[in-house]
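Each residue of the sequence shown is one higher than the last, beginning at 1228 in this note's numbering.
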Amino acid sequence: MTQSLSILHSPKLAAALGRLQSTTLRELLETDPGRVERDVVEVAGMRLDWTRQRLDATAWDALFALADEAGVSSALERQRAGEHVNTTEDRAALHMALRLPRGSRCVIDGHDVVEDVHEVLDAMAALVERVRAGTHTGYTGRAIRSVVNIGIGGSDLGPRMVCQALQPMAPAAVDGRPLDLHFVSNVDGAALDAVLRAVDPETTLFIVASKTFGTQETLTNARSARAWLLGHAGGRPEAVARHFVAVSTHAGRVAEFGIDTRNMFGFWDWVGGRYSVWSAIGLPIALYLGMDGFRAFLGGAHAMDRHVLESGARGNAALRMALVDIWNHNLLGACARVVLPYDERLKLLPSYLQQAEMESLGKGVRHDGTPVTEQTGPLVWGAVGTDGQHAFYQLLHQGTRWEPTEFIGVAHAEHALPEHHPILLANLVAQAEALALGKTADEAAREMAAEGLPPDVIERLAPHRSFPGNRPSTVILMERLDPSALGALVALYEHKIYVLATLWGINAFDQWGVELGKQLAGRVLEDFASPAAGHPHDPATTATLAWLRPRLTRG
Ligand code: F6P
């Protein structure tokens, strides 16, 4: 494994930091015009722009040297080659193999997996063809019209985000309309109940998606959906075979649940949950967009894999993204990254990235178990940009804390109101400029004088109406949002995550941190059912249980 470095002790970085801490983005943008040439990378129909980061050529050099020292390119190569980079679970992390073209080779633990991958893709294609053509029928012989994906975390967020993003491109199925698509993740009965009220049991296909097929939320929802279906189908067990398919790595549990494993689409332990949208977990995408759309999504990701594996450091978009995070979080001290898509289609991207980044990088120990010496994964949050402008941007512009932002825009709109689009994108460009440059008190005063305000009011309001600026952002502009471009964008973030994990010396592919809460929830549930279960709890928890228990039993 790569030796972890102490980023904070790199003398070159420390020197760059010393200089840049007292240099503003205004100054950098004015005095270093070469940054537009140097700090923009174009790849896969995307323009990635780091010119508004508080970096200059020397700081970039120091960051590239850090990546070199950490062995980032050999780490990427080890991942591609199927080495067990997931050290705590002793597994490969080979989501890249899921998007390799047919006929390529990728050997994991002595076995070439590309054929297996394409076998599952072919099986998905057969189901997609039958459903979209109306020949996969329900228990009364009517064609499937609604698809309900039941899954959570990585078995939900990827397909949900992608289907939302590509919704304007969903082709009509046999009855002339795109399929109806629903996602149920929360174990809160309100979520499933709302969907079951909206769909017709005779024409609904349920996908139970769970890597482990042991997740409480998913199995609870799946059992309730099955009971609902059987209730409508007069208890005929063959209805389950027509209306339920499973996506999992765990055939035994799928069979135990009552889904015929011939209706199961498999994947493998070397696919992490939050990296699984490329596997059969992407079945809702394939059903919704058609198999060509899903294959284009895989193709875009594969093109990004090649870019990241084959580009030199300075042109490597994933490496640059990771190094900017190191700079902002480890050197300048930011603790979050705000993801701001200026596109309604990408409104779920911040949630998707929350899992991808925070579950991967929320680690406090290195591969060898020693504590890390610098901050690791930042908080990732965000929302569609224009909505955010009227909610939380006040703090981004004038609050006492600053956080780096990431703007994402798409040049081409896919709707019938193209006159809105320049307004939308003008806001994106303006916000990046405003955050970088701010407004001095003098500028604010001049503006107020031009508005005719009296000098005493100008003096009183100038501090309130000036902006500190110097708040860095990255601007990602996409030519268009189609399956291939979206595949490339998601893959780019995946690679960025792995590069960051390499720089910090942590494992991006486990998630032990979610286990404790799951374990305790099992005990609490038993305690709800009966105080006699008697699991020991601290006094605060005991008091909470005592308040809740009678209310839950009263219903
Ligand atoms: O929240 C933990 C987690 O294991 C995620 O990593 C995963 O994506 C999610 O639960 C769902 O797991 P599964 O697909 O096994 O149901």
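The C-beta atom is built at its ideal place from N, Cα and C for all residues, glycine as well.
- Under the criterion of beta carbons closer than 8 Å, Val1344 and Ala1324 qualify as touching, at roughly 6 Å.
- In the three-state reduction of the DSSP assignment, His1762 falls in the coil class.
- DSSP, reduced to helix, strand and coil, places Thr1701 within a strand of the structure shown.
- The ligand F6P has a heavy atom closer than 6 Å to the beta-carbon of Gly1380.
- Going by beta carbons, Ile1379 and Thr1445 fall inside the 7 Å limit.
- Per the Cβ contact rule, the stretch 1567 to 1584 is in contact with the stretch 1623 to 1637 (3 or more Cβ pairs under 8 Å).
- Within the stretch 1517 to 1601, the runs of beta strand (DSSP E) that reach at least 3 residues and sit entirely inside it are, in chain order, 1563 to 1568.
- In this structure, Gly1527 sits near Ser1711, with a CB-CB distance shorter than 7 Å.
- Approximately 38 Å separates the beta-carbon atoms of Leu1730 and Ala1473; this is outside 8 Å, ruling out the contact.
- For Val1607, the shortest C-beta to heavy atom distance toward the ligand F6P is 6 Å or greater.
- Ala1530 is positioned such that its CB atom lies closer than 7 Å to that of Ala1715.
- Straight through space, the alpha carbons of Asp1737 and Gly1589 are spaced by roughly 10 Å.
- His1409: member of the beta strand (DSSP E) spanning 1407 to 1411, first to last residue.
- Counting only the Cα atoms, Asn1490 lies some 59 Å from Phe1694.
- Counted as a single uninterrupted DSSP element, the stretch harbouring Thr1364 is not any alpha helix (DSSP H), since DSSP gives it neither H nor E.
- For Gln1602, the CB contacts under 8 Å within the same chain, skipping 5 residues up- and downstream, are His1556, Asn1557, Cys1562 in chain order.
- Between Met1351 and Phe1492, the CB-CB gap stays under 7 Å.
- According to DSSP, residue pairing for Ile1650 in a beta bridge does not occur.
- With fewer than 16 other Cβ atoms inside 10 Å of its own Cβ, Asn1413 counts as exposed.
- For the alpha helix (DSSP H) assignment, the uninterrupted runs of no fewer than 4 residues enclosed by the stretch 1313 to 1379 are, from N- to C-terminal side, 1341 to 1360.
- Closest in C-alpha terms to Ser1300, from the list Gln1581, Ser1373, Arg1469, Val1535, comes Val1535.
- At a cut-off of 6 Å, the beta-carbon of Lys1590 does not count as near the ligand F6P: no heavy atom of the ligand is closer than that.
- Checking the DSSP bridge columns, you'll see Arg1281 has no partner listed.
- In its chain, beyond the 5 residues on either side, Pro1428 have a beta carbon closer than 6 Å to the beta carbon of His1459.
- Annotated three-state conformation of Ile1434 is strand, per DSSP.
- Going by C-alpha positions, Ser1475 is about 6 Å away from Phe1440.
- In the displayed model, Glu1269 falls within a strand according to three-state DSSP.
- Between the stretch 1411 to 1426 and the stretch 1464 to 1472, the count of Cβ pairs shorter than 8 Å is below three; the stretches do not touch.
- The beta carbon of Leu1688 sits closer than 8 Å to those of Ala1671, Met1675, Leu1680, all from its chain and outside the five residues before and after it, given in chain order.
- Spatial neighbours of Gly1665 in its own chain (CB-CB distance under 6 Å, excluding positions within 5 residues in sequence) are listed in chain order as Phe1694, Pro1695, Gly1696.
- Between Leu1432 and Val1374, the C-beta spacing is below 7 Å.
- Here the alpha carbon of Arg1326 sits roughly 13 Å from the alpha carbon of Glu1721.
- For Val1472, the enclosing beta strand (DSSP E) begins and ends at 1471 to 1475.
- Between the ligand F6P and Gly1500, a heavy atom-to-CB distance of less than 6 Å is present.
- Per DSSP, Phe1755 is one residue of the alpha helix (DSSP H) stretching across 1742 to 1756.
- A distance criterion of 6 Å places the beta-carbon of Ser1437 in contact range of the ligand F6P, judged by its closest non-hydrogen atom.
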